Amino acid sequence: RILQYGQMSMSSEATEGEERVIKASVEAGGDQGLLNLLTDDTVFYVGGYPTTFSPPLQLTLPNFKGCIELETLNEEVLSLYNFERSFQLNTTKEKPCGRHRSKPALTQAWVNDAAYFDGTGFAQITFAEESTRMQRFEQEVKLLSQDGILLLLHNENQFLCLAVLQGQLKVFYDFTGDLVELEPKDPSSEYLRISDADPKTIEIIVLRSSTNRVVVRNNRMGLYTHTFTENIPSFSHSYYLGGVPQDKMPAQLKSLFPKQGSLKGCFRNVKAQNSHIDLKRMISSGVSFGCNSDLLVRKKS
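One gets our numbering by counting positions in the sequence shown from 1 and adding 55 to each.
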């Protein structure tokens with residue numbers, strides 16, 4: 056299903072070491088703004104088309120010669136192995152192209168080392184035991200989802216939760232059997248809005264000493280600071296990022312976040328107790344690696 060507004064972006068590496076980007080936009084005419092392609096009678100050709108197909112006159116062009124590395128189609132990972140049939144493609148006679156690797160100067164951090172959460176799963180983050188007097192959890196994010204669970208610290212039935220509701224950063228907790236939502240320091244702060252696909256560093260700091268406090272910051276800007284009269288539970292071993300398994304979702308949050316509260320967006324530089332977390336080693340569902348900007352486009356029809 057394609058809306059009438061189309062945009063193409065093509066990047067290439069120039070010989071002088073710079074990256075060139077060419078963009079084009081088009082608006083389809085007519086009053087039929089939605090093209091509905093049924094999967095049982097739609098064919099997707101790559102690199103050309105067979106002689107049995109007759110394209111429009113403007114597309115009567117020679118087949119492509121060169122190397123094509125496919126990445127995603129509708130946010131699903133795609134490769135030549137997905138195709139139903141290939142034409143005059145003999146990989147035993149002609150050596151396949153090696154994978155393309157950009158020059159280090161042209162690489163983008165989010166493309167290289169971020170994880171893409173597709174809105175259906177979560178990651179379970181395990182971390183080493185250290186002093187619980189201060190616990191700090193940090194992550195860089197690019198979020199699309201307007202609602203979902205960013206981070207859930209838990210200890211049996213007690214929990215502390217960073218979440219997104221209507222695009223705004225929220226903090227919930229339950230230490231004594233009642234769900235409580237914290238009030239931000241400035242409810243009108245623009246830093247509370249985080250679901251715009253722009254990069255942000257979100258961190259939560261738990262302090263246990265003479266006073267028990269929780270501090271939440273966005274790009275080092277303090278948004279929440281709360282002092283507790285009760286003890287803050289010990290959050291150890293693991294927490295959930297980008298969603299929660301259905302059987303682990305706290306009952307008090309189910310009305311706010313149906314199913315898993317899964318987020319769509321990208322995460323990188325995840326840290327627990329100031330230690331970097333390798334998401335590839337964590338238990339996860341609905342998570343792939345590499346965050347191309349094309350994945351961070353909100354689609355509405």
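Each residue gets a CB set at the ideal place from its N, CA and C atoms; glycine is no exception. From a predicted model like this one, the values you see are computed outputs, not experimental measurements.
- In the structure shown, TYR228 falls within a strand segment according to DSSP collapsed to helix, strand and coil.
- Closest option to VAL219, judged by alpha-carbon separation, among ASN273, ASN212, MET63, ASN210: ASN273.
- Burial is judged here by how many other beta carbons sit within 10 angstroms of a residue's own beta carbon; PRO111 has fewer than 16 and is exposed.
- In this chain, the beta strand (DSSP E) harbouring ASP173 covers 170 to 181.
- With a cutoff of 8 angstroms on beta-carbon distance, ALA164 and LEU296 are scored as not near each other.
- Sixteen is the threshold: since fewer than 16 other Cβ atoms of the shown chains lie within 10 Å of the Cβ of PHE108, the residue is exposed.
- In this structure, the beta-carbon distance from GLN194 to VAL325 falls below 8 angstroms.
- Closest by C-alpha distance to GLY222, out of GLY320, ARG263, LEU262, is GLY320.
- In this structure, VAL101 is the residue among VAL101, GLU236, ASN210 with its C-alpha nearest to the C-alpha of LYS120.
- Residue environment: GLN315 is assigned as buried (16 or more neighbouring CB atoms within 10 Å of its CB, all protein chains considered).
- Looking at the DSSP output, LEU92 shares a beta bridge with no other residue.
- Counting only runs that start and end inside the segment 200 to 265, the beta strand (DSSP E) elements of at least 3 residues fall at 203 to 210, 213 to 220, 223 to 229, 255 to 263.
- Under the three-state reduction of DSSP output, SER348 falls in the helix class.
- In this model, SER64 and ALA183 are separated by some 43 angstroms (Cα to Cα).
- Beta-bridge pairing by DSSP links TYR295 to GLN179, LEU207.
- The alpha carbon of ALA306 has as its nearest neighbour, out of THR175, LEU224, GLY232, the alpha carbon of GLY232.
- Closest by C-alpha distance to SER317, out of GLN201, PRO239, GLY84, ASP96, is GLN201.
- By the criterion of a C-beta distance shorter than 6 angstroms, LEU237 is surrounded in its chain by VAL226, TYR279, HIS281, once the five residues flanking it on both sides are discounted.
- Considering only LEU334, LEU208, CYS122, ILE287, the residue with the shortest C-alpha distance to SER293 is LEU208.
- In summary, ILE77 is exposed, with fewer than 16 beta-carbon neighbours lying within 10 Å of its beta-carbon over all protein chains present.
- In the displayed model, ASN286 falls within coil according to three-state DSSP, outside both helix and strand.
- Pairing ASP349 with VAL166, the inter-Cα distance amounts to about 11 angstroms.
- Of LEU308, PHE290, SER289, the smallest CA-CA separation from GLY298 is found for LEU308.
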